[in-house]
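Enquirer:
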Amino acid sequence: MKRWPWICFLCFLLWGCSELPPQSGQGTYNYDNGTYAGEFKDGMPHGQGTFTQDDGALYVGEWKEGKKHGLGTLTGANGDKYVGNLKDSKPHGRGTYRWANGNKYVGEYTDGNAWQGTKYDGNGKVIATWIGGVETFK
3 MKRWPWICFL
13 CFLLWGCSEL
23 PPQSGQGTYN
33 YDNGTYAGEF
43 KDGMPHGQGT
53 FTQDDGALYV
63 GEWKEGKKHG
73 LGTLTGANGD
83 KYVGNLKDSK
93 PHGRGTYRWA
103 NGNKYVGEYT
113 DGNAWQGTKY
123 DGNGKVIATW
133 IGGVETFK
């Protein structure tokens, strides 16, 4: 007789661990590091949603299979902000990153790295450029 699965199931229920993410549709779920509110598919964030981290960081945008994917806005707890495309939770494609100090990078990203674009200081002066992932001017 296999009692082990039943014992695990009862412990799961008794200790309040029975809350699972919604399988499909709209919902809210509290993760270890923050709260997601939005669309779910197969128990994962998928579609439009917002993730608010416990430290104050925020992501608003598109999700695919539990990862930030598509157009979105990432706002760090320190005030830095990225607006643009993401793939597998990293900047990928066209985007703008603004540092809290006023500097900004405008251009293309590949796998989270600046690829083809320009970094400006808070006054709009060019302070660096990237071509093919290589910083070419300071």
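In the working numbering, the protein residues as written are 3 to 140. The beta-carbon is built from N, C-alpha and C at its ideal position, and this holds for glycine as well. Computed from a predicted structure; not experimentally measured.
#1: Report yes if the C-beta distance between L73 and N87 is below 8 Å; otherwise report no.
#2: Please report the residue range of the beta strand (DSSP E) in which E110 lies.
#3: For K106 and W117, I'd like the C-alpha separation in whole angstroms.
#4: When the Cα of S26 is compared with those of Q55, T54 and E67, which residue comes out closest?
#5: Considering A130, what are the terminal residues of the beta strand (DSSP E) in which it resides?
#6: Cα separation between T37 and A130?
#7: Which of the three DSSP states, helix, strand or coil, is assigned to N35?
#8: I'd like to check one pair, V108 with G124: are the Cβ atoms closer than 8 Å?
#9: Return the first residue and the last residue of the beta strand (DSSP E) that P93 is part of.
#10: List the endpoints of the continuous beta strand (DSSP E) containing A79.
Expert: Here's the rundown:
#1: yes
#2: Annotation for E110: the continuous beta strand (DSSP E) segment containing it runs K106 to T112.
#3: A direct Cα-Cα distance of roughly 14 Å separates K106 from W117.
#4: Of the candidates Q55, T54 and E67, the one whose C-alpha sits nearest the C-alpha of S26 is E67.
#5: Element bounds for A130: V128 to I133.
#6: 36 Å
#7: coil
#8: Cβ atoms of G124 and V108: not closer than 8 Å.
#9: Counting along the chain, the beta strand (DSSP E) containing P93 begins and ends at K92 to R100.
#10: It is not in any beta strand (DSSP E) - A79 carries neither H nor E in the DSSP assignment.
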